[in-house]
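**Student:**
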Amino acid sequence: MINMKLILLGAPGAGKGTLAKKLIEKYNIPQLSTGDMLRAAVRKGTELGKKAKSFMDSGALVTDELVIGIIAERLREADCSNGFILDGFPRTIPQADALSGITKIDKALSLNVDDETVVSRLSGRRTCKNCGAIYHIENLKPINAGKCDKCSGELFQRDDDKEDTIRNRLKTFNAQTKPLIEYYSKKGLIVNLDAKQNPDKILEDAVEKLK
Ligand code: AP5
16 MINMKLILLG APGAGKGTLA KKLIEKYNIP QLSTGDMLRA AVRKGTELGK KAKSFMDSGA
76 LVTDELVIGI IAERLREADC SNGFILDGFP RTIPQADALS GITKIDKALS LNVDDETVVS
136 RLSGRRTCKN CGAIYHIENL KPINAGKCDK CSGELFQRDD DKEDTIRNRL KTFNAQTKPL
196 IEYYSKKGLI VNLDAKQNPD KILEDAVEKL K
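Under our numbering, the final residue of the sequence shown carries the number 226; numbering is consecutive throughout.
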């Protein structure tokens, strides 16, 4: 176990979740995905989920206030004391400012990929309902169609993985999240990764650059 506080920055479909799962195995630190937390709240029908759903369905961002609140609470939990991987947070300058008031980040990994790759990756993504493992109908097929290799859970397609919504999510990323690359570059924390490579090579590059 190492003590490392990491941010994963990148467009929708850049492979943040895929890399996060490999980094968990490597470093034994938890993944904090605001997208997963919000989807769980939507599924349970909580107040947070009701507020978040329409933003998520349209490809827009949920308000800063809501996500800063859930991350601040999550970071206080014991398993974050030896480091963590933030996946999908921060996504705006106010979120990044709020985060720097809570804790000091070691590195921000920036996954770089083009728009057409994103559309093809997200249109074919399937996720396990049970354990969250991520597949792709062409690039990373499960052994049995529709079933997770790890836990046999049912695979599903996310509501926001439709082409129109994917394109809106990309616009949102370019307008609101891309400026964070410069924000963390100025702090000397950016680590650039070529996210078009295969997932194992991306992990290898990340580990090498984090040494
Ligand atoms: P969120 O869940 O964070 O979605 P996202 O950022 O759009 O990212 P994705 O999960 O779609 O993609 P990813 O980069 O993790 O790619 P993955 O590894 O799965 O957010 C959803 C929504 O929640 C937002 O739109 C917003 O409304 C709200 N939200 C969340 N956080 C928020 C915040 N902080 N503030 C405000 N609102 C917030 O891979 C994708 C596919 O590609 C998979 O099929 C995978 O198998 C494949 N793949 C991955 N890597 C590779 C590779 N190297 N080569 C080939 N295929 C690959």
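Ideal placement from N, C-alpha and C gives every residue a C-beta, glycine not left out.
Using C-beta distances below 7 Å, list every residue in its chain close to A56, excluding the 5 sequence neighbours before and after it, in chain order.
**Tutor:** Translated into positions along the sequence shown, residue 56 becomes position 41. Once the five neighbours on either side are set aside, the close Cβ partners of A56 are L63, G64, A67.
**Student:** Alpha carbon to alpha carbon, how far is N207 from T187?
**Tutor:** For this step, residue 207 is matched to residue 192 along the sequence shown. For this step, residue 187 is matched to residue 172 along the sequence shown. Each residue's Cα considered, the two are about 21 Å apart.
**Student:** Count the other CB atoms, across all protein chains shown, that sit within 10 Å of the CB of S48; report buried if there are 16 or more and exposed otherwise.
**Tutor:** Walking along the sequence shown from the start, residue 48 turns up at place 33. S48 comes out buried.
**Student:** Just to confirm my understanding: we take G50, look at its own chain, exclude 5 residues before and 5 after, and list those with CB closer than 7 Å. What are they?
**Tutor:** Start at 1 with the first residue of the sequence shown, and residue 50 comes out as number 35. The answer, listed in chain order, is G103.
**Student:** For a test of your reading of the model: does the CB of N154 fall under 6 Å from any non-hydrogen atom of the ligand AP5? Yes or no.
**Tutor:** Position 139 of the sequence shown, counted from the start, is the residue given in the question as residue 154. Yes, Cβ of N154 sits closer than 6 Å to a heavy atom of the ligand AP5.
**Student:** Determine the extent of the beta strand (DSSP E) in which N127 is found, giving its start and end residues.
**Tutor:** Position 112 of the sequence shown, counting from 1, holds the residue named residue 127. Unbroken beta strand (DSSP E) run through N127: 122–127.
**Student:** What residues in its chain sit with their C-beta under 7 Å from that of T132, if we drop five residues either side in the sequence?
**Tutor:** Stepping through the sequence shown from its first residue, residue 132 is reached at position 117. K211.
**Student:** In its own chain, which residues sit with a C-beta less than 6 Å from the C-beta of I196, not counting the 5 before and 5 after it?
**Tutor:** On the sequence shown, residue 196 is found 181 positions in, with the first residue counted as 1. Taken in chain order, the residues that qualify are S125.
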